[in-house]
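Asker:
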Amino acid sequence: MRHLTSFRTSLLLSPAMFSLLGGCMVGPHYHRPKAIISDRFKEAPPPAGWQKAHPSMSTLPKGDWWRIFNDPLLNQLEEEVDRSNQGLKEYEAQYRKARTLIDSIRANLFPTLNGKFTFNRNSQGATVPDGIDGGSHSITNVTNTWTTGPSANWTVDVWGMIRRQVQQQVTASQASAALIANMRLSYQLELATDYINLRYQDSLIHLYQRNVGLYSHNLTILTNQLEAGVADPTSVLQARYQLQSTQASLSNAHVARAQYEHAIAVLTGKPPAALSIPDGELGRTVPPAPTMLPSELLERRPDIAQAERQMESYNAEIGYRIGAFYPQFNLSASYGYSGNPLQQLIQSATRAWSLGAAATETIFQGGARTAAVREAEADYDNAVATYRQTVLSALQDTEDQLSNLRYLSDVYRYQGGAVSSAEEAVRVSMNEYLAGTQIYTTVITAQQTALQYEQNKLQVQQQRFLSEIRLITDLGGGWSSHELPTKNALQTDNPFLPSFIQKDKN
Numbered sequence: 004m005r006h007l008t009s010f011r012t013s014l015l016l017s018p019a020m021f022s023l024l025g026g027c028m029v030g031p032h033y034h035r036p037k038a039i040i041s042d043r044f045k046e047a048p049p050p051a052g053w054q055k056a057h058p059s060m061s062t063l064p065k066g067d068w069w070r071i072f073n074d075p076l077l078n079q080l081e082e083e084v085d086r087s088n089q090g091l092k093e094y095e096a097q098y099r100k101a102r103t104l105i106d107s108i109r110a111n112l113f114p115t116l117n118g119k120f121t122f123n124r125n126s127q128g129a130t131v132p133d134g135i136d137g138g139s140h141s142i143t144n145v146t147n148t149w150t151t152g153p154s155a156n157w158t159v160d161v162w163g164m165i166r167r168q169v170q171q172q173v174t175a176s177q178a179s180a181a182l183i184a185n186m187r188l189s190y191q192l193e194l195a196t197d198y199i200n201l202r203y204q205d206s207l208i209h210l211y212q213r214n215v216g217l218y219s220h221n222l223t224i225l226t227n228q229l230e231a232g233v234a235d236p237t238s239v240l241q242a243r244y245q246l247q248s249t250q251a252s253l254s255n256a257h258v259a260r261a262q263y264e265h266a267i268a269v270l271t272g273k274p275p276a277a278l279s280i281p282d283g284e285l286g287r288t289v290p291p292a293p294t295m296l297p298s299e300l301l302e303r304r305p306d307i308a309q310a311e312r313q314m315e316s317y318n319a320e321i322g323y324r325i326g327a328f329y330p331q332f333n334l335s336a337s338y339g340y341s342g343n344p345l346q347q348l349i350q351s352a353t354r355a356w357s358l359g360a361a362a363t364e365t366i367f368q369g370g371a372r373t374a375a376v377r378e379a380e381a382d383y384d385n386a387v388a389t390y391r392q393t394v395l396s397a398l399q400d401t402e403d404q405l406s407n408l409r410y411l412s413d414v415y416r417y418q419g420g421a422v423s424s425a426e427e428a429v430r431v432s433m434n435e436y437l438a439g440t441q442i443y444t445t446v447i448t449a450q451q452t453a454l455q456y457e458q459n460k461l462q463v464q465q466q467r468f469l470s471e472i473r474l475i476t477d478l479g480g481g482w483s484s485h486e487l488p489t490k491n492a493l494q495t496d497n498p499f500l501p502s503f504i505q506k507d508k509n
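When you read off a place in the sequence shown, starting at 1, and then add 3, the result is the number in the numbering used here.
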């Protein structure tokens with residue numbers, strides 16, 4: 004037993020073996036491919052003072068980007084998304100599963116130890132002659148035997164195949180963590196979008212209610228005038244149509260508001276019946292758009308971080324497949340001890356031990372190993388293309404929203420002027436009608452035009468808010484790749500083996 008222990012200790016503590024295990028990992032080392040990216044955003048040319056007027060993304064509340072809108076109810080709802088959204092909980096469970104797979108794969112780095120204990124009790128009877136009178140008698144012999152002893156088996160990771168699998172799963176877990184961040188940002192965006200749309204419907208409801216009141220009053224006056232013989236039936240019919248059409252629009256706005264409220268409830272992890280959002284209106288001021296250099300997207304967008312981590316995962320797969328071309332080494336040891344407890348008083352028990360080492364190499368497999376390497380290389384190339392396309396899509400998304408905000412600001416200003424002119428046209432046409440120089444159809448046309456322009460103005464303001472929200476989330480919402488768990492944090496050292504042969508440092 005002492006010799007076996009000495010052998011195992013010298014084997015595990017051999018500096019030469021540790022050097023071999025820690026320094027040899029076949030396959031390509033990972034280097035992040037260069038992304039296709041511009042030096043600046045085309046749609047955000049910074050005029051004098053523009054940088055001062057627009058905050059940097061780094062100045063936004065960390066993780067709470069929606070607070071830039073200064074809406075307490077929106078703040079509350081977004082916090083509930085983070086706590087209670089069931090979709091997020093699904094992705095978090097997938098991440099925890101990915102982390103457990105790391106430990107499962109890392110277990111293959113260590114020896115497998117087994118213990119054995121068996122016990123048998125045997126009884127054997129016999130008839131023995133007495134030898135004097137020709138008689139005989141029976142005797143029974145009972146024996147107890149036991150066997151015990153440990154055994155160990157270790158597949159030595161000489162070429163780093165297991166460590167490549169660990170690297171693959173660690174980076175896959177980091178990609179899973181980035182996916183959680185991306186989905187959290189997506190759900191936050193979805194809730195903020197639904198909230199802005201709900202407030203847009205609130206503003207439409209207020210607009211329609213004001214006009215329904217006005218049109219109802221006008222219809223009453225025209226009906227009285229018709230009965231008095233001073234109004235024509237056509238004017239009454241047109242006024243009634245105008246009122247009923249606006250009432251229909253009011254009902255549609257209520258329907259849309261209810262649907263957005265239901266969607267917000269589900270996003271916050273509640274049944275629709277459990278959430279009622281008080282009446283409000285769309286904000287009048289859109290906060291200044293945040294700024295960022297295109298290169299910062301590489302560290303700020305969780306979807307880019309996810310694609311980048313997946314590249315390293317596929318790179319590790321190449322190393323694992325290449326390792327199949329090299330021989331595999333296995334060490335084994337066992338020790339056995341057996342005997343009869345009563346016999347130990349007069350004789351020694353039986354002892355047995357064994358030590359073994361084996362190397363196996365696949366001689367021919369019909370090209371399967373080469374095909375596996377080529378498949379892994381193709382998967383890696385696909386991941387690189389996906390990464391670069393993700394970066395390009397992120398640039399496009401950002402440019403789109405910057406363009407939207409720049410031009411929608413002008414559209415909103417022009418639309419405000421159109422509303423003012425339409426309201427003045429309503430006032431003039433009503434005065435002319437009262438003076439008898441215009442028919443009532445002119446008034447109705449002017450009122451319908453004014454209502455349409457007010458709707459357009461509200462819609463432009465809605466689009467400005469939505470573009471602002473999209474821009475912030477397209478810039479990462481204040482997230483940073485530094486929030487991903489590190490490789491070391493995802494792995495736990497075995498106290499009996501040096502760290503440098505356990506953790507991937509690539």
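Don't be surprised by glycine CBs; every beta carbon is placed ideally from N, CA and C. Bear in mind that the values here come from a model prediction, so they are computed numbers and not experimental data.
Would you identify the three-state DSSP class for F468, choosing helix, strand or coil?
Answerer: Looking at F468 - three-state DSSP - the assignment turns out to be helix.
Asker: Is Y329 helix, strand or coil by DSSP?
Answerer: Three-state result, Y329: coil.
Asker: Between the segment 307-314 and the segment 391-399, are three or more C-beta pairs nearer than 8 Å?
Answerer: Result yes; three or more Cβ-Cβ pairs closer than 8 Å.
Asker: Alpha carbon to alpha carbon, what distance is there between A336 and I108?
Answerer: Their backbone Cα atoms lie some 23 Å apart in a straight line.
Asker: Taking C-beta to C-beta, are Q89 and G272 nearer than 7 Å?
Answerer: Cβ atoms of Q89 and G272: closer than 7 Å.
Asker: Hey, could you find the ends of the alpha helix (DSSP H) E93 is sitting in?
Answerer: Element bounds for E93: Q89 to R109.
Asker: Over the uninterrupted alpha helix (DSSP H) stretch that includes S423, give me the two end residues.
Answerer: Per DSSP, S423 belongs to the alpha helix (DSSP H) from A371 to L437.
Asker: Alpha carbon to alpha carbon, how far is L194 from L274? Give it in angstroms, no decimals.
Answerer: The amino acid occupying residue 274 in the given sequence is Pro; Leu does not appear at that position. Looking at the two C-alpha atoms, the distance is approximately 15 Å.
Asker: Please confirm if the segment 374-385 is in contact with the segment 429-449, defined as three or more CB-CB distances below 8 Å between the two stretches.
Answerer: The segment 374-385 vs the segment 429-449: no contact.
Asker: Is DSSP giving A266 helix, strand or coil here?
Answerer: In this structure, A266 counts as helix in the three-state DSSP scheme.
Asker: Touching or not, the segment 470-483 and the segment 256-267, by the rule of three or more beta carbon pairs under 8 Å?
Answerer: Judged by Cβ distances under 8 Å, the segment 470-483 makes no contact with the segment 256-267, as fewer than three pairs qualify.
Asker: Quick one: give me the first and last residue of the alpha helix (DSSP H) that L201 is part of.
Answerer: Here the alpha helix (DSSP H) through L201 covers M164 to A231.
Asker: Measuring only the C-alpha atoms, how far is T150 from G339?
Answerer: Their backbone Cα atoms lie some 7 Å apart in a straight line.
Asker: So which of A453, L334, Y417 and M433 has the shortest CA-CA distance to V463?
Answerer: Closest option to V463, Cα to Cα, is Y417.
Asker: Is the distance from the Cβ of Q177 to the Cβ of L487 below 7 Å?
Answerer: In this structure, L487 lies closer than 7 Å to Q177 by Cβ.
Asker: If we count Cβ pairs, one from each stretch, closer than 8 Å, do we get three or more for the segment 413-431 versus the segment 164-184?
Answerer: Contact fails: fewer than three Cβ-Cβ distances are below 8 Å.
Asker: For W157, list the residues DSSP reports as bridge partners.
Answerer: Paired residue(s): L334.
Asker: On the criterion of 16 or more Cβ atoms from any shown chain inside 10 Å, does E320 qualify as buried, or is it exposed?
Answerer: Flag for E320 reads buried.
Asker: Determine the burial state of E230: buried for a count of at least 16 other Cβ atoms within 10 Å of its Cβ, exposed for fewer.
Answerer: The residue is exposed, with fewer than 16 neighbouring Cβ atoms inside 10 Å.
Asker: Taking just the CA atoms, how far does I71 sit from G283?
Answerer: Cα to Cα, G283 sits roughly 18 Å from I71.
Asker: What did DSSP end up calling A492 once you bin it into helix, strand or coil?
Answerer: A492: coil per DSSP, three-state reduction.
Asker: Can you find the residues in the same chain that come closer than 6 Å, C-beta to C-beta, to L461, ignoring five residues on each side of it along the sequence?
Answerer: So the qualifying residues of the chain are S206.
Asker: Assign R43 to buried or exposed, taking buried as 16 or more other Cβ atoms, counted over all protein chains shown, within 10 Å of its Cβ.
Answerer: Result: exposed.
Asker: From R35 to F367, what does the alpha carbon distance come to, in whole angstroms?
Answerer: Roughly 35 Å separates the two Cα atoms.
Asker: Would you report the Cα separation of H220 and N227, rounded to the nearest angstrom?
Answerer: For H220 and N227, the distance between alpha carbons rounds to 11 Å.
Asker: Got a sec? Which residues, its chain only, sit under 6 Å from S41 by beta carbon, not counting five neighbours each side?
Answerer: Only P297 meet the Cβ criterion.
Asker: Can you have a look at Y244 and say buried or exposed, based on whether 16 or more other CB atoms are within 10 angstroms of its CB?
Answerer: Classification for Y244: exposed.
Asker: Would you identify the three-state DSSP class for F44, choosing helix, strand or coil?
Answerer: The answer is coil: DSSP assigns F44 none of H, G, I, E or B.
Asker: Leaving out the 5 sequence neighbours to the left and right, which residues in its chain are closer than 7 Å to L528 when beta-carbon positions are compared?
Answerer: Given a span of 4 to 509 for the chain in the structure shown, any question on residue 528 remains unanswerable.
Asker: Determine the burial state of R287: buried for a count of at least 16 other Cβ atoms within 10 Å of its Cβ, exposed for fewer.
Answerer: Result: exposed.
Asker: Nearest to R409 by alpha carbon, out of F328, S484 and A292?
Answerer: Selected option, being the one with the closest Cα: A292.
Asker: Look at the alpha carbon of L270 and the alpha carbon of N491, and state the distance between them as a whole number of angstroms.
Answerer: Roughly 34 Å separates the two Cα atoms.
Asker: Mapping the DSSP letters down to three states, classify S484 as helix, strand or coil.
Answerer: S484: helix per DSSP, three-state reduction.
Asker: Take A362 and list the residues in its own chain whose beta-carbon comes closer than 6 Å to its own, dropping the five residues that flank it on each side.
Answerer: P330 and F332.
Asker: What separation, rounded to the nearest whole angstrom, lies between the Cα atoms of L493 and I105?
Answerer: Straight-line Cα distance between these residues: approximately 8 Å.
Asker: Once DSSP output is grouped into helix, strand and coil, what is the label at P274?
Answerer: Residue state, collapsed to three classes: coil.
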